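**Student:** Have a look at the structure that comes next, please.
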Amino acid sequence: LDLIKRLNLKKNKTDLKEITLTTNGTLLEKYARELKENGVNRINVSLDTIDEKKYNKITRFGNITKVINGIEEAINYKIKIKINTVVFKNFNENELKDLIKWTDAKGIDLTFIEVMPMDETDMPRELQFVPLNEVYENLNSIFNFFPINQNTGGPAKYYKSKLLNNKIGFITPLTNNFCSNCNRVRITSTGKLYMCLGQNDFVDFKKILREDRSDEYIKEKIRFALSTKPKRHDFIINSEVKPYMNRFMNETGG
401 LDLIKRLNLK
411 KNKTDLKEIT
421 LTTNGTLLEK
431 YARELKENGV
441 NRINVSLDTI
451 DEKKYNKITR
461 FGNITKVING
471 IEEAINYKIK
481 IKINTVVFKN
491 FNENELKDLI
501 KWTDAKGIDL
511 TFIEVMPMDE
521 TDMPRELQFV
531 PLNEVYENLN
541 SIFNFFPINQ
551 NTGGPAKYYK
561 SKLLNNKIGF
571 ITPLTNNFCS
581 NCNRVRITST
591 GKLYMCLGQN
601 DFVDFKKILR
611 EDRSDEYIKE
621 KIRFALSTKP
631 KRHDFIINSE
641 VKPYMNRFMN
651 ETGG
């Protein structure tokens, strides 16, 4: 919260326009009020299921009631919520229609995301992967989507339906490469600036700051990093190829 408070003081005084947050939502009920008071008006909540038993299984100890209470508390404070759902084969494929209806009833936008081949897990990524073009076709037969012209600078393509009030997004790094439109870079909590979520290269700003380099040197390194942002990621889903990435998603952040 201290970081968010300090950033909020820079809004309207610098080029910083907005502070948003991506969270698993478990502490949102506790902090929603303070987040709103300190300038956070939009929050993404990562939620792959609304089934209590499934949620407990994938989080190992999580309580989905805390997450839902947190979402409702944030809505009470007029924070705009969006749900991000990774689609996993043989896990939550049968919930997607229910997720759409659940979020629509709460006035929440929803984005579906393809599994990304980050570092290896106990289950091979290709066994988790569901092409979102197939998901779209199935859901489109129910909701009859039409595209809308909304661009947040991110990779999602958004749709609406006459049967729904909310927006439905699809992020498809593998079936429909979006790299040409991506303007995202990410800096981790340990000071590594990644120019692409699907690349291993980074600039280590922790090392630079500990060497007490000048502001101009730091700006030069930021400009260098942006100039070397790759044209595309290297995500591959293939049983014959180990994941190119050597880090998990939670190391980089949302």
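Counting in my numbering, the sequence shown runs from 401 upward without gaps.
Glycine included, each C-beta is placed from N, C-alpha and C at the ideal position.
The model shown is predicted, which means the values in this text are computed figures rather than measured ones.
DSSP has residue 566 in a bridge; who is on the other side?
**Tutor:** For residue 566, which the question treats as bridged, DSSP gives no partner whatsoever.
**Student:** Determine contact between the stretch 410 to 421 and the stretch 447 to 455, defined as no fewer than three beta-carbon pairs at a distance below 8 Å.
**Tutor:** no
**Student:** Identify the residues that DSSP records as bridge partners of residue 442: which are they?
**Tutor:** DSSP lists 420 and 480 as the beta-bridge partner residues of residue 442.
**Student:** Just the C-alpha distance for residue 693 and residue 459, rounded to the nearest angstrom, thanks.
**Tutor:** No answer is possible for residue 693: it lies beyond the span of the chain, which begins at 401 and ends at 654.
**Student:** On the CB-based measure, 16 or more other CB atoms within 10 Å of its CB, does residue 598 come out buried or exposed?
**Tutor:** buried
**Student:** Could you check if residue 405 is buried or exposed, using at least 16 other CB atoms within 10 Å of its CB as the buried criterion?
**Tutor:** Under a 10 Å Cβ-count criterion, residue 405 is classified as exposed, with fewer than 16 other Cβ atoms of the shown protein chains found around its own Cβ.
**Student:** What's the C-alpha gap between residue 486 and residue 589?
**Tutor:** 23 Å
**Student:** Where does residue 603 fall in DSSP's three states?
**Tutor:** strand
**Student:** Among all the DSSP beta bridges, which residues are the ones paired with residue 547?
**Tutor:** In the DSSP output, where bridge partners are listed per residue, residue 547 has 559.
**Student:** Could you name the residues that DSSP lists as bridge partners for residue 532?
**Tutor:** Looking at the DSSP assignment, residue 532 forms no beta bridge with any residue, so it has no partner.
**Student:** Can you round the beta-carbon distance between residue 484 and residue 511 to whole angstroms, since I take them to be within the 8 Å contact cut?
**Tutor:** 5 Å
**Student:** Would residue 439 pass as a contact of residue 471 if the rule is Cβ separation under 8 Å?
**Tutor:** no
**Student:** Give me, in chain order, the residues of the same chain whose beta-carbon lies closer than 6 Å to that of residue 625; leave out the 5 immediate sequence neighbours on both sides.
**Tutor:** Taken in chain order, the residues that qualify are 593, 595 and 603.
**Student:** Tell me whether the beta-carbon of residue 477 lies closer than 8 Å to the beta-carbon of residue 430.
**Tutor:** No, the Cβ-Cβ distance between residue 477 and residue 430 is not below 8 Å.
**Student:** Quick one: grab the DSSP three-state call for residue 498.
**Tutor:** helix
**Student:** Is residue 489 closer than 8 Å to residue 545 when the C-beta atoms are compared?
**Tutor:** no
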